[in-house]
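Enquirer: Can you keep this structure in mind? I'll have questions shortly.
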Amino acid sequence: HLQLQESGPGLVKPSETLSLTCTVSGGSFNNLTYYWAWVRQPPGKGLEWIGSLYSSGNTYYNPSLKSRVTISADTSKNQFYLILNSVTAADTAVYFCASGNPVRNWLDPWGQGTLVTVSA
Amino acid sequence: DIQMTQSPSSLSASVGDRITITCRASQSISNYLNWYQHKPGKAPKLLIYASSYLQGGVSSRFSGSGSGTDFTLTIGSLQPEDFATYSCQQTYISPWTFGQGTKVDI
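Just so you know, the protein sequences line up as chains A and B, in that order.
Read in order, the letters of the first sequence are residues 366 to 485 in my numbering.
Read in order, the letters of the second sequence are residues 7 to 112 in my numbering.
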């Protein structure tokens, strides 16, 4: 059974770079039946899709974040990553990693999320 | 972007109640609509995909319906573990977007 777990710093300074890791266990990282995604939820707001990484290596990002975000993976470590540059307080959120269905794009399963606060 | 609007934003209910949450899309999304349950500190859980298909392992008291722009999630008989926030998501046109969430509490 696939399981995902986010990790990374809980505090990032404004203008710096947010870096998170998602470690995947319980399944094949290169399985073509799913892809990898990041989603976030700012305090008091709804969920926001950040972007997705497919087994082909293709990535798709939310246009609202595209200029600042990179999603990549290290298959040897069963991990994928989120990098968000030039963060501001508006990037404070709980960040989730998830596995996606490549046909209909639902997300399942998810990690439990990690809170990242942007503050000096 | 397609806007997803849920109603109500919150509701209070009791164990055993039947409740319905509505999700409306700003344009037609066919049946590309998914429902999630999430609780603080826990991984969000997929309940319903493609508007009406129950994800494996999810209780049959959950059901979904709708097509086009209007969708509903119904919980047939609320259980204590169902008090949570529920969010809809459209995956018809990228960027995938979510509703703002509906918090169900006691």
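No residue lacks a Cβ here, since even glycine has one placed at the ideal position from N, Cα and C.
Given the structure is predicted, the values throughout are model-derived calculations rather than measurements.
1. Mapping the DSSP letters down to three states, classify Lys410/A as helix, strand or coil.
2. Where does Gln9/B land, buried or exposed, given buried means 16+ other C-beta within 10 angstroms?
3. Cutting at 6 angstroms between CB atoms, please list the residues of its own chain near Trp401/A, excluding the five before and the five after it.
4. Straight-line CA distance for Leu367/A to Ala463/A?
5. Are Ile90/B and Val110/B close, meaning C-beta to C-beta below 8 angstroms?
6. Quick check: the Cα distance between Gly82/B and Leu397/A, rounded to an integer number of angstroms?
7. Please report the straight-line C-alpha distance between Leu430/A and Ser69/B, rounded to a whole angstrom.
8. At the level of alpha carbons, what is the spacing between Val481/A and Gln406/A?
9. Can you give, in chain order, each stretch of the beta strand (DSSP E) that sits fully within the stretch 417–464 of chain A and has at least 3 residues?
10. Note down, in chain order, all residues in the stretch 431–444 of chain A with a beta-carbon under 7 angstroms from any beta-carbon belonging to chain B.
11. Considering Leu369/A, what are the terminal residues of the beta strand (DSSP E) in which it resides?
12. Would you list the residues sitting across from Cys55/B in a DSSP beta bridge?
13. Leaving aside the five residues before and after Ser437/A along the sequence, list all residues of the same chain whose C-beta is less than 6 angstroms from its C-beta, in chain order.
14. May I ask which residues mark the beginning and end of the beta strand (DSSP E) holding Phe68/B?
15. Taking the beta carbon of Leu376/A as the centre, do at least 16 other beta carbons fall within 10 Å, making it buried, or is it exposed?
16. Within the 8 angstroms Cβ cut-off, does Lys109/B reach chain A?
17. Mind listing the chain B neighbours of Trp475/A? Cutoff is C-beta to C-beta under 7 angstroms, in chain order.
18. Note down the Cα distance separating Gly411/A from Lys442/A, rounded to an integer number of angstroms.
19. Roughly how many angstroms lie between the CA atoms of Gly476/A and Thr386/A, to the nearest whole one?
Expert: With the structure as the only source:
1. For the purposes of this step, residue 410/A is taken as residue 45 along the first sequence, with counting starting at 1. Coil.
2. Within the second sequence, residue 9/B is the residue found at index 3, counting from 1. Counting Cβ neighbours within 10 Å, Gln9/B comes out exposed, since fewer than 16 surround it.
3. If you number the first sequence from 1, residue 401/A lands on position 36. Leu418, Phe445.
4. Along the first sequence, read from residue 1 onward, the residue named residue 367/A stands at position 2. Along the first sequence, read from residue 1 onward, the residue named residue 463/A stands at position 98. Looking at the backbone, the Cα of Leu367/A and that of Ala463/A are separated by about 10 angstroms.
5. For the purposes of this step, residue 90/B is identified with residue 84 of the second sequence, where counting begins at 1. For the purposes of this step, residue 110/B is identified with residue 104 of the second sequence, where counting begins at 1. Note on residue identity: the sequence assigns Ala, not Ile, to residue 90/B. Result yes, Cβ atoms of Ala90/B and Val110/B sit closer than 8 angstroms.
6. Along the second sequence, one-based indexing puts residue 82/B at 76. Along the first sequence, one-based indexing puts residue 397/A at 32. Roughly 36 angstroms separates the two Cα atoms.
7. Locating residue 430/A in the first sequence gives position 65, where the first residue counts as 1. Locating residue 69/B in the second sequence gives position 63, where the first residue counts as 1. About 34 angstroms.
8. Taking the first sequence and counting its residues from 1, the one referred to as residue 481/A is at position 116. Taking the first sequence and counting its residues from 1, the one referred to as residue 406/A is at position 41. Computed Cα separation, rounded: 10 angstroms.
9. 424–426, 434–439, 444–449
10. none
11. Position 4 of the first sequence, counted from the start, is the residue given in the question as residue 369/A. Element bounds for Leu369/A: 368–372.
12. Mapped onto the second sequence, residue 55/B falls at position 49. In the sequence on display, residue 55/B carries Tyr and not Cys. Its beta-bridge partners are Tyr59/B.
13. On the first sequence, position 72 is the one that residue 437/A refers to. Excluding sequence neighbours, Ser437/A sits near Tyr446.
14. As a first step, residue 68/B is located in the second sequence; it is residue number 62 there, counting from the start. First-last of the beta strand (DSSP E) with Phe68/B: 68–73.
15. Here the question's residue 376/A lines up with position 11 in the first sequence. Answer is exposed; the Cβ neighbour count stays below 16.
16. Reading the second sequence from its first residue, position 103 is the one you call residue 109/B. No, because no Cβ of chain A sits closer than 8 angstroms to the Cβ of Lys109/B.
17. Working through the first sequence from its first residue, we reach residue 475/A at position 110. Result: Ala49, Pro50.
18. What you label residue 411/A is simply residue 46 of the first sequence in a count that begins at 1. What you label residue 442/A is simply residue 77 of the first sequence in a count that begins at 1. Computed Cα separation, rounded: 31 angstroms.
19. Residue 476/A sits at position 111 when you count from the first residue of the first sequence. Residue 386/A sits at position 21 when you count from the first residue of the first sequence. Cα to Cα, Gly476/A sits roughly 11 angstroms from Thr386/A.
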